[in-house]
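Here the structure is laid out as structure tokens; the discussion comes afterwards.
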Amino acid sequence: MSGLVLAGVHRRFRTGKLVARAVDGVDLGVAPGEIVGLVGESGCGKTTLARIAVGLDRPDEGRVELDGAPLLRGDGGMEPAQRRRVQYVFQDPYGSFNPRRSIGQAIHLPLALHGRLGRDAGQQIAGLLAQVGLDPALAPRRPHELSGGQLQRAAIARALALEPEILVCDEPVASLDVSVRAQVLNVLLSLWRDRGIGILFVSHDLGVVRRIADRVVVMYLGRVVEEGANETVWSAPRHPYTRSLAASIPTGAADWRKDGERHHLTGEPPSPFSIPPGCRFHPRCPLAIARCSQVDPVLRMMSTGQRAACDVVEPSAEALAGQTEG
Amino acid sequence: MVTPAPEETTAPPPLAVDDLRVSFAARGGDAAGTLAVDGIGFAVPAGSILGLIGESGSGKSATLLAIAGLLPASARVEGTVRLDGRSLLDLPERQRARLRGRGIGMIFQNPGGSLNPVLTVGSQIDEVLTVHRGLTGRAARAETESLLAKVGIGDPRNRANVYAHQLSGGLKQRVAIAAALAAGPSVLLADEPTTALDATVQAQILDLLLDLVARENLALLLVTHDLAVAASVADRIAVAYAGRIVEEGPAAEVVRRPAHPYSHALGQAALPFGAETMRREDLLPELPGRMASAGGSACAFAPRCPLAVARCRAEVPLLTPFGSGRVACFRAGEVGA
Amino acid sequence: MTRLGFGGWFGLGALGLLVLVALAADLIAPGDPLDIVARPMLPPFTDWAHPLGTDQLGRDVFAAMIHGTRVSLLVGLAAAAGAIGIGIVVGTLAGFLTGWVDDVLMRVTEAFQTVPTFLLALAMVSVLGASTPNIILAIGISSWPQTARLVRAEILSLKSRDYVDAARMAGMRPLMVAFREVLPGALQPVIALVGVTVGAAILVESSLAFLGLGDPNEVSWGGMVANGRAVLRIAPHLVVIPGLAVALAVLSVSLIGDAFGRRLAPARER
């Protein structure tokens, strides 16, 4: 099996006596050559999951494997061979570079640590910068001397230095100006199109995800509530949260508010410290019935082709068999 | 000089800005300061929302701060800002502060930023009521609770006694809105009020703002970088670039049939969530380069503009009437849709 | 280098001069400064053999000033070096290891912080005896908490920066990450503290000497001030001159610390 595979991942955070179940049983896979969009609001666990996917964090339970082999060793370290195959692009480019080093030095670092420096390191670095559309003359510059868009592209160049198979991007364009975002997204799209790199694209910008993803995974409070082919999920969302999420996005259409079918969710996303019993979405769900506060729905295949975790939208076989009322 | 938008009413608009210029003092030994706003003007009628769109460097934030009087003392402000017809910038400082306090409410991007962490949210609103409406004690608290209910906070009596840090982002922003409304202003300024909030909460807050504008007949100046947000709630949109307004008109027009090449580019870059016409393998339409600084003697957008001609690089295009709005472009309306 | 500014250059110049004087003390003012060389209470600028006059015992003020430079600088710099060294070690351990190590070290730091620096030094010298090494030790041990807290706070803040994670993504082992990415950033604010710490150490030394707890075999500016107190009304120069010297030393060190702290801060954008 190739690509990145997360299975049964749990991650809990403790402060004092309270426990936050940030990731509460998630399966996720990214194959080479596919773009997977991971969406959800704050508290859903997508950033935690993304960090686990690249080895920056260790799950409390579950497996993380790359090309069939575990990503992390028993002691928490990583084999260099695994390390180079999955890389990360951070949200804030200015924070992800050491302000004391030039971007050339930042790109030099992974190459040196993995013994991949050729005879002409300068040429290698220049080549990587050119691949992301940056002038190689920028190599000696410090991070603060570059614009946000340029620096984020440099971050991608750095991530590419080890020739990874999978790239995990956590909101890579959220902190950039709108007119600059396309430049960076195009770099990612070119990598995907021309080199077959697999991309896990974590974002809250559904417009971008809808445009570039093959598959989309929707998370809520530490669980996957819906996943499937990109177009299927957005044109026919099954889970009520996905529907509300899609409806919340301002489309610029005059009917955004008045459309009866779309409803804007009430209440706030609850915190992972106090996850509601049963279906974790039921307190805010417009379709919730009594059963929803008791039974935690399982992620399963829906008639439309995607998987969703809701027993009301499409009652499961046992639900139909066992229940007496709606 | 820029003339206000074509809508004429007998009463002066709650907020009218004309030929606003803002420059920030130089740092170090530099003689010249930095020009941030280069002649921006618009009007916001009562009961309507004007969306001021711009990216960083466009001058949108400086414009807002100039109206609110929140610029540093070293900043230079020229031009006219009229609140219900009264010119603000001419007045001495004390009168200016009073007019602003009573006539303008402001909401910031960071929901908790304007809330004092050591006071309960109720007492902060009480304070505004005391200073600007002379209410004290039980009368003030009753009004505070009514304001909290108005912004959609359930159980206002108990919620008034919590501290800001105990509230979520959305609730904090609601409290901030209540505090902004407490003095009974006619103008509301909002600086990216939903950018820091989750999508579902953003929708709620935008709903709330729409309701309040209608019910209280407010004039809301909504500054944002998000074209979709402005398009969904604003009546009119003004697009700012390098310190100037480059296009202004009814929201639907500016979004669907933009006359200025930059507005067009913004619309494309915003990746509307709705219709999809491109194949995934196609790259996204790109706008090369970066925003120029304010104050040039040519069209600031020309270096990045696909339609630029010689005249664009030699003269500054002025904001002139076009359709039901205004555009500052020598080739207005020619950009394809 | 012009970024050091006027203050930085002045400080460097003044300190440089003081260091030179301290090193060349025996050349400039040969002999033991505690020797009685002329009549007592000679005013300054009257007799060029004794340019700054003499004290009430007839000892040369100029010679005492020159030799006093040694003690002040030696104690000040050595004690500060010790304090900063201990502070860096404690702060680094607390910041990186966290958990119970952090808790224990912070409680110890707080314990030291609750006692005023001068009193602690005073107590230690009283117990250990007033010799120069003891004084250095006493001042060093009472001054480290400030540095420790700063280093720890910086490390905790920097550990969570994305570029630290980026270094891990590049394949850096955790220990290397700590030393190459986190520590340099954490140490940089300490440079600003150096000026303050050295200045404070010089002041404490002077104060100890003033109270009679200085090394009796050495001449110290503080001791000179103590000595001149008795005849302040008739011979103010005996207090003013060493007092100015202390002020100059502390000022120059502070200016240097300021200038270097500013210059070495990495430029931040936005």
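Protein chains in written order, with my numbering: chain Y, 6 to 331; chain W, 70 to 406; chain H, -6 to 263. Glycine is no exception: its CB is placed at the ideal position from the N, C-alpha and C atoms. Just so we're clear, the structure is a prediction, and the values are computed from it rather than from any experiment.
The beta carbon of Gly61(H) sits closer than 6 angstroms to those of Val212, Ser213, Trp214, all from its chain and outside the five residues before and after it, given in chain order. Secondary-structure assignment with DSSP links Thr103(W) through a beta bridge to Phe93(W). Around the Cβ of Ala141(H), a 10 Å sphere holds 16 or more other Cβ atoms; the residue is buried. Look at the segment 176 to 192 of chain Y: the residues with a C-beta under 8 angstroms from a C-beta of chain W are Asp182, Val183, Ser184, Val185, Arg186, Ala187, Gln188, Leu190, Asn191. Rounded to the nearest angstrom, the gap between the Cα atoms of Leu151(H) and Val232(H) is 47 angstroms. Contact between Val315(W) and Leu279(W) does not hold, since the beta-carbon distance rounds to 26 angstroms and is not under 8 angstroms. For Met165(H), at least one C-beta of chain Y is nearer than 9 angstroms to its own C-beta. Contact with chain Y is absent for Arg284(W), since none of that chain's Cβ atoms lies less than 9 angstroms from the residue's Cβ. In this model, Asn230(W) and Ala208(W) are separated by some 16 angstroms (Cα to Cα).
Chain-ordered listing is empty here: chain H has no CB closer than 7 angstroms to the CB of Pro64(Y), the nearest sitting near 17 angstroms. With respect to the 9 angstroms criterion, Thr85(H) and Arg161(H) are not classified as neighbours on the basis of their beta carbons. Taking 4 residues as the minimum length, the alpha helix (DSSP H) runs contained wholly in the segment 153 to 210 of chain H are 155 to 162, 167 to 170, 176 to 203, in order along the chain.
In this structure Asn185(W) is exposed. Its beta-carbon is surrounded by fewer than 16 other beta-carbon atoms within 10 angstroms. The three-state reading of DSSP puts Gly223(W) in coil, since its state is none of H, G, I, E or B. Non-local C-beta neighbours of Val10(Y) in its own chain, meaning closer than 6 angstroms and more than five positions away in sequence, comprise Gly34, Glu70, ordered along the chain. Ranking Pro37(Y), Arg243(Y), His269(Y) by CA distance to the CA of Met307(Y) puts Arg243(Y) first. Rounded to the nearest angstrom, the Cβ distance from Ala369(W) to Ala361(W) is 5 angstroms, consistent with a contact under 8 angstroms.
For Val59(Y), the chain H residues whose C-beta falls within less than 7 angstroms of its own C-beta are Met162, listed in chain order.
Counting C-beta atoms within 10 angstroms of its own C-beta, Gly46(H) has 16 or more neighbours from the protein chains shown and is therefore classed as buried.
With a cut-off of 8 angstroms on Cβ pairs, the segment 391 to 398 of chain W is not in contact with the segment 187 to 196 of chain Y, counting fewer than three such pairs. Here Leu172(Y) is not near Gly132(Y), since their CB atoms are 9 angstroms or more apart. Boundaries of the beta strand (DSSP E) around Val229(Y): 228 to 234.
Annotation for Gly13(Y): the continuous beta strand (DSSP E) segment containing it runs 9 to 20. Following the DSSP letters along the chain, one finds Ser195(Y) inside the alpha helix (DSSP H) bounded by residues 183 to 200. Rounded to the nearest whole angstrom, the C-alpha separation of Gln139(H) and Gly80(H) is 7 angstroms. Taking the Cα of Leu250(Y) as reference, the smallest distance to any Cα among Ala234(Y), Leu270(Y), Thr237(Y) is reached at Leu270(Y).
Look at Gln178(W) here: in three-state DSSP terms it is coil, with no helix or strand label. The beta-carbon of Glu198(H) is placed no less than 9 angstroms from the nearest beta-carbon of chain Y.
Boundaries of the alpha helix (DSSP H) around Pro245(Y): 245 to 253.
Here the alpha carbon of Trp239(Y) sits roughly 27 angstroms from the alpha carbon of Glu170(Y).
Cβ neighbours of Arg165(W) within its own chain (closer than 6 angstroms, five residues either side excluded): Leu157. The C-alpha of Ile122(W) is placed about 19 angstroms away from the C-alpha of Pro357(W).
Shortest Cα-Cα distance from Gly69(H) to any of Ile234(H), Ile195(H), Ser200(H), Ser199(H) involves Ile195(H). Apart from the 5 residues on each side of it in sequence, Ile274(W) sits with its Cβ closer than 6 angstroms to the Cβ of Gln242, Thr263 in its chain, given in chain order. With respect to chain H, the C-beta atom of Leu77(Y) has no partner C-beta closer than 9 angstroms.
Under DSSP, Thr389(W) takes part in a beta bridge, and its partners are Val396(W).
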